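Asker:
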Amino acid sequence: MTALQIDAMKTSLDAISKENKELKENLSAVEKVFSKNQILKLQNNKRIQWSVNEVSNAITLYAAGPKAYRLLLKKGFPYPAVSTLRAWLKKIKFKPGILRNVFKLIESSDFNEKDRICTLLFDEMKIKKEYIYDRAEDEILKPFSYSQVVMMNRLCKSWKQPIFFEYDMKMTSKKLLDIIKFVETAGFQVVAIVCDLGGGNRGLHNELKFTYSSPHFTNPANGEKIYVFADIPHLLKLIRNHFVDQGFIVDGKEINKSIVEAVLGATAVSDLRISHKITREQLNMSGAQRQRVKYAAKLFSNTMSAAIYRCGALDYLSEDMNWTECGELFKLVNDWFDIFNVSVPVSDSRTRNRAYGLAIQEQDEILDKMSQKIKNLKVKGRQQMLPFQNGILMSNNALKMLLLDLQRRFDIQYILSRRLNQDVLENFFGIIRAKGGLHDHPNALEFKYRLRSYIMGRNEGAYSEFSNVEVDDTPDLPVNGSLISAFDERDDPIIVINNDPEKDNLNDELHELEYDGLENLAGFISYKMKEPSYESSEQSCFTWIDYLSEGGLHRPSAEFLSQMEQLENILKKVNGDTILISKNYLHNLMSKSVHVLCYDKAKRLFFRSRMYFRIKELNRSLNSLTLGKRKMTKIVT
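Here the sequence shown stands for residues 1 to 637, where the numbers follow the working numbering.
Following this line, the structure appears as structure tokens:
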């Protein structure tokens, strides 16, 4: 071989090596986006045995946008088919109560003792109140107004997990203690609970028999103390609303929103105003806007406190307005809220903004000062302390006691206090609503299926822009794929990932169907069945059918119409003027109609049709009643 040939081979080998290196780099870049199975599907488009991680990620993407997901599939993106996602979701059975299967899915073997320390958050989410048919369970659900949800939230390691839901259930001490025992049995350590100060939760506090000076009760699993916190952002909203609505009596002096209005008026002459954090419109908000935490935080801020002091010092505020007391309260509430809103150990040079315990002397001074101020404060027109004041005192004491307990039990030296509020739960509610797109007010059944999608999709769904809290990126506990196959599969006739789980093709077809007589329904069933014996062979016609039908109705025979009348009588006997709330609804109707001599398919079609008609009418009446009673109310406690 000549030297020239050797040089040519070296050049060719170098080119191949360079190309191979570039291909490896490209493949490495692709592997950051797609899994090996996805890359394999791109190469040959053959059937793929998807892993649990791949399916879980696909469920996340589908839940965020079903139409977009189908478009990606159509464009050739390597994702599991929608039918595959449905088959996997079919294995996970969700029922109201403790989500025991969720604990089977938790991959927590690598958690150390501190990783397992958690709090329990619970709150209610309002849902659409209507009658529903759950086709998967063959069950009629009565109208529910809200869903009670319990979420485990981390204290040390970053994770969270919904573990319980129930419809129209106030939290009781018995139910809470049962949940705590189950969580402890699963290997987690419950050290605190967090809830708002609604009437039902105040009743729970009374059942647990603790006081704001001793804000704890006994853990039923191990005898340790569990500390009770009010939701701090909720308390801040209540402080703001009471200040704006009634005003406060502080050390015998009245302060109210007129001070803030005077500051806004005095500083409105320039766009470089020192009170830029709040506007007159934000001060006098109504309705749902009053529940926005950010506006409460902007009002009770260091900036507004400084603006009040500045305007007072320049004689823009008269002494009888008690602006000194107002500025002092605003500053104190700002500092107190900072202590309870820490998400990282050290964020800046302000010591109060460090994790609780890293600047314990200054932080405790602020807590003590806030407690003393709240004890002496009165809402104008009220002689006794209100629940929000008790909530502040309770939470201040609970934070101090919890840190001491954590130091004793786990050698933990500080607390990221933001993990002791309900932000993660409020974000969960926002995601559940957003999963329906414009349909952000789910009914009970839709809530259940959206919850299943949320859990299997690892909490990476779309998020509503109208939430009262900041977006939370805390991950859910990871899904353990090896355990999914252990669940029993059900012969579930309908699996829905997005909204409208109760909807099926029959309901679509009947939606526009005019029905004001049994002949009409019988004609529809005759047409659907395509059974000659069900159709009348007589030339005389049913006038209404002839006028109404455009090819979608048959004239039923006299015999078939008689059979439909028998089914109607059975239906009325079972339901009366309403609808029977029961499981195995259609199955029971079919059992009661064995003597009616027509095909089971026709019976089932009749009962399902009449069921949907009845549900539709009941919901129409329910909505009319609700609209008649609806009025906007302010939420103050």
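Yeah, the Cβ is synthetic: ideal placement off N, Cα and C, and Gly gets one too. No experiment lies behind these values; they were computed from the predicted model shown.
#1: Can you give me the Cβ contacts of residue 580 inside the same chain, cut-off strictly under 7 Å, excluding the 5 residues immediately before and after it?
#2: Any idea what DSSP makes of residue 51, helix, strand or coil?
#3: When the Cα of residue 519 is compared with those of 531, 561, 393, which residue comes out closest?
#4: For the alpha helix (DSSP H) holding residue 319, just list the boundary residues, first then last.
#5: Just to confirm before moving on: does the CB-CB distance between residue 302 and residue 334 stay below 7 Å?
#6: Tell me the DSSP secondary structure of residue 118 in three-state form.
#7: Within 10 angstroms of its Cβ, does residue 570 collect 16 or more other Cβ (buried), or is it exposed?
#8: Does DSSP put residue 150 in a helix, a strand or coil?
#9: Tell me whether the beta-carbon of residue 118 lies closer than 7 Å to the beta-carbon of residue 154.
#10: Do you know how far the Cα of residue 372 is from the Cα of residue 360?
#11: For the beta strand (DSSP E) containing residue 133, name the first residue and the last one.
#12: Among the residues of its own chain, which have a CB less than 8 Å from the CB of residue 582, if the five just before and after it don't count?
#13: The beta strand (DSSP E) with residue 162 in it runs from where to where?
#14: From the DSSP output, read off the bridge partner residues of residue 189.
#15: Measuring alpha carbon to alpha carbon, tell me which of 28, 282, 259, 348 ends up nearest residue 321.
#16: My understanding is that residue 184 touches residue 136, with C-beta atoms under 8 Å, so please give their C-beta distance in whole angstroms.
#17: Who are the Cβ neighbours of residue 123 in its own chain at under 7 Å, not counting the five residues just before and after it?
#18: Given that a residue counts as buried once 16 or more other Cβ atoms are within 10 Å of its Cβ, and exposed if not, what is residue 601?
#19: Is there contact here, the region 153-171 with the region 599-616, by at least three beta-carbon pairs under 8 Å?
#20: Taking all protein chains shown into account, do 16 or more other C-beta atoms lie within 10 angstroms of the C-beta of residue 9, making it buried, or fewer, making it exposed?
#21: State buried or exposed for residue 4, treating a residue as buried only when at least 16 other CB atoms are found within 10 Å of its CB.
#22: Give me, in chain order, the residues of the same chain whose beta-carbon lies closer than 6 Å to that of residue 233; leave out the 5 immediate sequence neighbours on both sides.
#23: Going along the chain, which unbroken runs of the alpha helix (DSSP H) with 4 or more residues stay wholly within the region 314-393?
#24: So, using beta-carbon positions, are residue 395 and residue 243 closer together than 7 Å?
#25: Please classify residue 397: does DSSP put it in a helix, a strand, or coil?
#26: My understanding is that residue 567 touches residue 162, with C-beta atoms under 8 Å, so please give their C-beta distance in whole angstroms.
#27: Can you check DSSP and say which residues form a bridge with residue 443?
#28: Quick check on residue 626: does DSSP put it in helix, strand or coil?
#29: Suppose the cutoff is 7 Å on Cβ atoms and the five residues either side in sequence are ignored; what does the same chain contact list for residue 510 look like?
#30: Going by the CB atoms, is the gap between residue 300 and residue 330 shorter than 7 Å?
#31: Which two residues bound the contiguous beta strand (DSSP E) that contains residue 216?
#32: Just grab the DSSP bridge partners of residue 227 for me.
Answerer: Reading off the structure:
#1: Translated into the one-based positions of the sequence shown, residue 580 becomes position 580. If we look at residue 580 and ignore the five residues flanking it on each side, its Cβ neighbours are 140, 574.
#2: Numbered from 1 along the sequence shown, position 51 holds the residue referred to as residue 51. In the structure shown, residue 51 sits in coil (DSSP, three-state: anything other than H, G, I, E or B).
#3: Sequence index remark: in the sequence shown, residue 519 carries index 519 (1-based). Distances from the CA of residue 519 to each of 531, 561, 393 were compared; the closest alpha carbon is that of 561.
#4: Position 319 of the sequence shown, counted from the start, is the residue given in the question as residue 319. First-last for residue 319: undefined, no H or E at that position.
#5: Taking the sequence shown and counting its residues from 1, one reaches residue 302 at position 302. Taking the sequence shown and counting its residues from 1, one reaches residue 334 at position 334. Result yes, Cβ atoms of residue 302 and residue 334 sit closer than 7 Å.
#6: Residue mapping note: residue 118 aligns to position 118 of the sequence shown, counting from 1. If DSSP states are grouped into helix, strand and coil, residue 118 belongs with the strands.
#7: In the sequence shown, residue 570 corresponds to position 570, counting from 1. With 16 or more other CB atoms across the displayed protein chains lying within 10 angstroms of its CB, residue 570 is buried.
#8: Taking the sequence shown and counting its residues from 1, one reaches residue 150 at position 150. Of the three classes helix, strand and coil, the one that applies to residue 150 here is strand, per DSSP.
#9: Sequence index remark: in the sequence shown, residue 118 carries index 118 (1-based). Sequence index remark: in the sequence shown, residue 154 carries index 154 (1-based). With respect to the 7 Å criterion, residue 118 and residue 154 are classified as neighbours on the basis of their beta carbons.
#10: In the sequence shown, counting from the first residue as 1, residue 360 sits at position 360. In the sequence shown, counting from the first residue as 1, residue 372 sits at position 372. Near 18 Å, if we compare the C-alpha coordinates of residue 372 and residue 360.
#11: Walking along the sequence shown from the start, residue 133 turns up at place 133. Under the DSSP assignment, residue 133 falls in the beta strand (DSSP E) whose first and last residues are 132-134.
#12: Indexing the sequence shown from 1 puts residue 582 at position 582. Here the set comprises 139, 140, 588.
#13: The residue given as residue 162 occupies position 162 in the sequence shown. Run containing residue 162: 160-167, per the beta strand (DSSP E) assignment.
#14: The count along the sequence shown starts at 1 and reaches residue 189 at position 189. Note: residue 189 sits in a beta bridge opposite 117.
#15: Position 321 of the sequence shown holds residue 321. Checking every option, the nearest Cα to that of residue 321 belongs to 259.
#16: Stepping through the sequence shown from its first residue, residue 184 is reached at position 184. Stepping through the sequence shown from its first residue, residue 136 is reached at position 136. 32 Å between Cβ atoms; not a contact.
#17: The count along the sequence shown starts at 1 and reaches residue 123 at position 123. Cβ within range, chain order: 149, 195, 196, 422, 425.
#18: Here residue 601 refers to the residue found at position 601 when the sequence shown is read from its first residue. Residue 601 comes out exposed.
#19: Contact between the region 153-171 and the region 599-616 is absent, because fewer than three Cβ pairs lie under 8 Å.
#20: Within the sequence shown, residue 9 is the residue found at index 9, counting from 1. Label assigned to residue 9: exposed.
#21: Your numbering for residue 4 matches position 4 in the sequence shown. By the 10 Å Cβ count, residue 4 comes out exposed.
#22: For this step, residue 233 is matched to residue 233 along the sequence shown. Closer than 6 Å at the Cβ level, and outside the excluded window around residue 233, lie 293, 421.
#23: Scanning the region 314-393 from its first residue to its last, the whole alpha helix (DSSP H) runs of 4-plus residues come out as 323-339, 360-376.
#24: Here residue 395 refers to the residue found at position 395 when the sequence shown is read from its first residue. Here residue 243 refers to the residue found at position 243 when the sequence shown is read from its first residue. Going by C-beta atoms, residue 395 is not nearer than 7 Å to residue 243.
#25: Indexing the sequence shown from 1 puts residue 397 at position 397. Of the three classes helix, strand and coil, the one that applies to residue 397 here is helix, per DSSP.
#26: Numbered from its first residue, the sequence shown carries residue 567 at position 567. Numbered from its first residue, the sequence shown carries residue 162 at position 162. Not really, about 42 Å apart at Cβ, beyond 8 Å.
#27: In the sequence shown, counting from the first residue as 1, residue 443 sits at position 443. For residue 443, which the question treats as bridged, DSSP gives the partners 128.
#28: Taking the sequence shown and counting its residues from 1, one reaches residue 626 at position 626. When DSSP states are grouped into helix, strand and coil, residue 626 belongs to the helix group.
#29: For the purposes of this step, residue 510 is taken as residue 510 along the sequence shown, with counting starting at 1. Residue confidence is low: residue 510 scores 44 on pLDDT, short of 50, so the model does not pin down where it sits. Its coordinate-derived value is still stated next. For residue 510, the CB contacts under 7 Å within the same chain, skipping 5 residues up- and downstream, are 609, 612 in chain order.
#30: As a position in the sequence shown, residue 330 is number 330, starting the count at 1. As a position in the sequence shown, residue 300 is number 300, starting the count at 1. Between residue 330 and residue 300, the C-beta gap is smaller than 7 Å, which places the two residues in contact.
#31: Here the question's residue 216 lines up with position 216 in the sequence shown. Taken as a continuous stretch (DSSP letters only), the beta strand (DSSP E) holding residue 216 covers 216-218.
#32: Here residue 227 is taken as the residue at index 227 of the sequence shown, counted from 1. Per DSSP, 192, 216.
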